[in-house]
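Asks:
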Amino acid sequence: MTFKRKELTAFERGEVIGAWKCGISERKISEALSHPQSTIHDVISVYKSCGHETLPSRPGRNPIMTERDSRHLVRILKQNRKTNLQELHEDFLNSTPTRVCKNTLKKNEQAKERKEWTNEWKSIIWSDESKFELFRGNGRRWIWRQPHEKYDVECLIPTVKSGQQGVMVWGCFANHSLGPLVKLEGSVTAISYIDVLENNLLPFLDDLDDQENYFFQEDNAPIHTARIVKSWKEDNGVNSIPWPAQSPDMNPIKNL
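Per numbering that gives the first Met the number 0, the sequence shown starts with residue 0, numbered consecutively.
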């Protein structure tokens with residue numbers, strides 16, 4: 000007979016010990032109580048060594064986060080209670096040494112390579128997409144809060160009856176030259192991204208002195224790394240600068 004292994008309750012362990020004390024063999028206890036014989040043996044062994052039926056307390060694994068990390072996490076959440084888990088994870092990793100992932104190592108490596116740059120930074124065209132929202136949709140929203148903060152103002156979401164919810168834009172700048180700010184319509188795909196570059200980046204480049212010496216910066220979003228986009232940049236002489244993943248803190252356009 001085969002049995003499914005499970006953790007026995009205190010009552011079940013007491014049954015095993017009681018039967019064993021009555022002189023019943025481990026095999027017969029296993030058959031009578033429908034527990035694996037190995038489990039019966041373990042329960043009896045614990046009783047022999049500890050003198051009681053209950054399991055000794057297990058220490059468990061050490062917590063990854065320290066008390067200081069937990070307090071820091073709370074501070075991040077209070078700065079933006081509506082952040083999603085991915086953004087929270089990135090903010091936490093970028094501001095604590097608790098866990099060093101491969102992306103962090105890559106960022107540090109590239110930072111060391113470029114730490115002596117001065118004039119080189121003047122030849123970078125910084126770019127990014129961003130969504131500006133007035134109000135979010137009326138669907139379900141999640142927020143980070145403690146039980147007693149249920150009715151705090153920063154934990155409540157205002158409602159709106161009508162009107163545009165937000166706008167997605169693309170923009171760029173280089174040194175002292177501010178580039179165009181372009182409103183993006185609908186879903187942004189690799190094809191529509193090429194259209195943005197064709198009609199906005201190239202004219203901006205034409206207005207720059209020594210345009211052939213400029214490098215174009217963009218993050219690693221799928222629309223940026225698509226094969227068709229890479230091919231377009233090669234055909235149009237747009238030189239891209241290598242960029243580590245998940246590094247929004249390294250792009251100065253975030254300050255505009």
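C-beta atoms are modelled at their ideal positions from N, C-alpha and C, and glycine is treated no differently.
#1: For G236, which of E211, Q216, P251 has the nearest alpha-carbon?
#2: In this structure, how does DSSP classify K81 when only helix, strand and coil are distinguished?
#3: So, I240 versus A189, is the Cβ gap smaller than 7 angstroms?
#4: For P251, does the three-state DSSP call read helix, strand or coil?
#5: Mind checking whether E217 and S126 have CB atoms under 7 angstroms apart?
#6: Using 7 angstroms as the threshold, is the C-beta distance between V15 and V45 below it?
#7: Going by C-alpha to C-alpha distance, which of D90, G178, G170, F91 sits closest to S129?
#8: Take every Cβ of the stretch 140-147, pair it with every Cβ of the stretch 189-208, and state whether three or more of those distances are shorter than 8 angstroms.
#9: Comparing alpha-carbon positions, which option in C49, P202, L7 lies nearest Q36?
#10: Verify whether the separation of the beta carbon atoms of N199 and F214 is less than 7 angstroms.
#11: For D127, which three-state DSSP category applies?
#12: Report yes if the C-beta distance between L155 and V168 is below 7 angstroms; otherwise report no.
#13: Counting only beta-carbon atoms, is S24 nearer than 7 angstroms to chain B?
#14: Check L72 in the structure and name its three-state DSSP category.
#15: Thinking just about the alpha-carbon of each residue, which of G178, V187, F91 is nearest to the one in P221?
#16: For G165, does the three-state DSSP call read helix, strand or coil?
Replies: Working from what's here:
#1: E211
#2: coil
#3: no
#4: helix
#5: yes
#6: no
#7: G170
#8: no
#9: L7
#10: no
#11: strand
#12: no
#13: The structure shown contains no chain B; it is built from a single protein chain.
#14: helix
#15: V187
#16: strand
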